[in-house]
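Participant: Just passing along the structure, written as structure tokens.
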Amino acid sequence: MDLGIRGRRAIVCASSKGLGLGCAQQLAREGVELVMLARGQEALEAAAAAIRAETGVKVTTVATDITTPEGRAKVLAICPDPDILVTNAGGPKPGDFRDWSRDDWIAAVDANMLTPIELIRATVDKMMARKFGRIVNITSASVKHPIESLGMSNGARAGLTGFVAGLARQIISHNVTINNLLPGPFATDRILQTAAARAKDSGQTVEDILKARMAAVPAKRFGTPTEFGQACAFLCSANVGFMTGQNLVLDGGIYPGTL
Ligand code: NAP
Numbered sequence: 034m035d036l037g038i039r040g041r042r043a044i045v046c047a048s049s050k051g052l053g054l055g056c057a058q059q060l061a062r063e064g065v066e067l068v069m070l071a072r073g074q075e076a077l078e079a080a081a082a083a084i085r086a087e088t089g090v091k092v093t094t095v096a097t098d099i100t101t102p103e104g105r106a107k108v109l110a111i112c113p114d115p116d117i118l119v120t121n122a123g124g125p126k127p128g129d130f131r132d133w134s135r136d137d138w139i140a141a142v143d144a145n146m147l148t149p150i151e152l153i154r155a156t157v158d159k160m161m162a163r164k165f166g167r168i169v170n171i172t173s174a175s176v177k178h179p180i181e182s183l184g185m186s187n188g189a190r191a192g193l194t195g196f197v198a199g200l201a202r203q204i205i206s207h208n209v210t211i212n213n214l215l216p217g218p219f220a221t222d223r224i225l226q227t228a229a230a231r232a233k234d235s236g237q238t239v240e241d242i243l244k245a246r247m248a249a250v251p252a253k254r255f256g257t258p259t260e261f262g263q264a265c266a267f268l269c270s271a272n273v274g275f276m277t278g279q280n281l282v283l284d285g286g287i288y289p290g291t292l
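Now the structure itself:
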């Protein structure tokens, strides 16, 4: 299926590894020019070089922290008018809410709610003027069903989801959509980090925790960044202009609801 986005420009946030990288790879395979960013330069350059070699698309890299105003300004100076915006950043730390300070909460809200909103604010009017825009927020299945140890993720990401639900309806008549992708367990560094934290608290090994986690997934496996990226590319398709404000759960069947 031709997604009709060849030659479009995308900013893909937090994309040197994991789910962001999966999105960047799939958009590049559809012929989309990329601005990729992450804090660490080495992994970012390696990821960009691999995408250029495979697809031949133009890829610009920005080594920066997207959760800071300076980081966002750097990225937007390089690409002030993307056609596609994929928002993403590291997730909040797991733990017990009794141990989290106000500063911890502000950092989580900054990274997982206000950073995407700031990026949308900086780009959406230009998308509306050009009559094309696709915004995809990488959030978490924790928005749909809370994950006990990830209270800050449950809270901060739900705030973004609520905001986006309202905005999506105000902009779709200009062929600009906003949808959220809600990952369940995917095989990336992040799942290893959360398993390591759980292992420390419970005395189990990381391997045992991962095995139990996988057994609890109806698909009996973790998702792959490629599968995630393909869903992202679909939402960015020129043909998907009638779907907005949606929360697409990719979790191998974990969420038990009928609808
Ligand atoms: P990952 O494999 O650890 O990759 C994270 C990527 O984001 C890396 O490229 C990292 O590079 C970059 N990054 C992190 N913080 C950044 C920042 N402040 N500014 C710029 N780049 C940043 O994680 P992932 O699994 O892809 O997860 C992506 C998001 O999905 C996270 O918010 C995570 O909580 C959420 N999520 C993941 C899963 C899962 O199972 N994997 C499930 C639910 C939700 P640098 O470190 O070099 O910056």
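Under this note's numbering, the first residue of the sequence shown carries the number 34, and numbering increases by one thereafter.
No residue lacks a Cβ here, since even glycine has one placed at the ideal position from N, Cα and C.
Source: prediction; values computed, not measured.
Express the C-alpha separation of residue 60 and residue 254 in angstroms, rounding to a whole number.
Facilitator: In the sequence shown, residue 254 corresponds to position 221, counting from 1. In the sequence shown, residue 60 corresponds to position 27, counting from 1. Answer to the nearest angstrom: the Cα atoms are 25 Å apart.
Participant: Touching or not, the stretch 255-274 and the stretch 194-213, by the rule of three or more beta carbon pairs under 8 Å?
Facilitator: Contact holds: three or more Cβ-Cβ distances are below 8 Å.
Participant: May I ask you to report which of helix, strand or coil DSSP gives residue 130?
Facilitator: For the purposes of this step, residue 130 is taken as residue 97 along the sequence shown, with counting starting at 1. Reduced to three states, the DSSP call for residue 130 is helix.
Participant: Hey, how far is the Cα of residue 35 from the Cα of residue 132?
Facilitator: As a first step, residue 35 is located in the sequence shown; it is residue number 2 there, counting from the start. As a first step, residue 132 is located in the sequence shown; it is residue number 99 there, counting from the start. Going from the Cα of residue 35 to the Cα of residue 132 covers about 49 Å.
Participant: With a cut-off of 7 Å, does the C-beta of residue 272 fall near any C-beta of chain D?
Facilitator: Although the question refers to chain D, the structure presented lacks it and comprises just one protein chain.
Participant: Confirm, please, whether the CB-CB distance from residue 148 to residue 99 is below 7 Å.
Facilitator: Counted from its first residue, the sequence shown places residue 99 at position 66. Counted from its first residue, the sequence shown places residue 148 at position 115. It is a contact, given that the beta carbons lie within the stated cut-off.
Participant: Looking at the ligand NAP, does it come within less than 6 Å of residue 137, judged from the CB to the closest heavy atom?
Facilitator: In the sequence shown, counting from the first residue as 1, residue 137 sits at position 104. Not under cutoff, so the answer is no.
Participant: How about the stretch 54-71 and the stretch 125-141: do they share at least three Cβ pairs that are nearer than 8 Å?
Facilitator: The stretch 54-71, when compared against the stretch 125-141, does not touch it at the 8 Å Cβ threshold.
Participant: Please go through the same chain and pick out, in chain order, the residues whose beta-carbon is closer than 8 Å to the beta-carbon of residue 249, but skip the five residues on each side of it.
Facilitator: Start at 1 with the first residue of the sequence shown, and residue 249 comes out as number 216. The residues are 287.
Participant: Compute the Euclidean distance between the alpha carbons of residue 257 and residue 54, then round it to the nearest angstrom.
Facilitator: In the sequence shown, counting from the first residue as 1, residue 257 sits at position 224. In the sequence shown, counting from the first residue as 1, residue 54 sits at position 21. Between residue 257 and residue 54, the C-alpha separation is close to 11 Å.
Participant: Using a 10 Å radius around the Cβ and a threshold of 16 neighbouring Cβ atoms, would you call residue 284 buried or exposed?
Facilitator: Within the sequence shown, residue 284 is the residue found at index 251, counting from 1. That one is buried.
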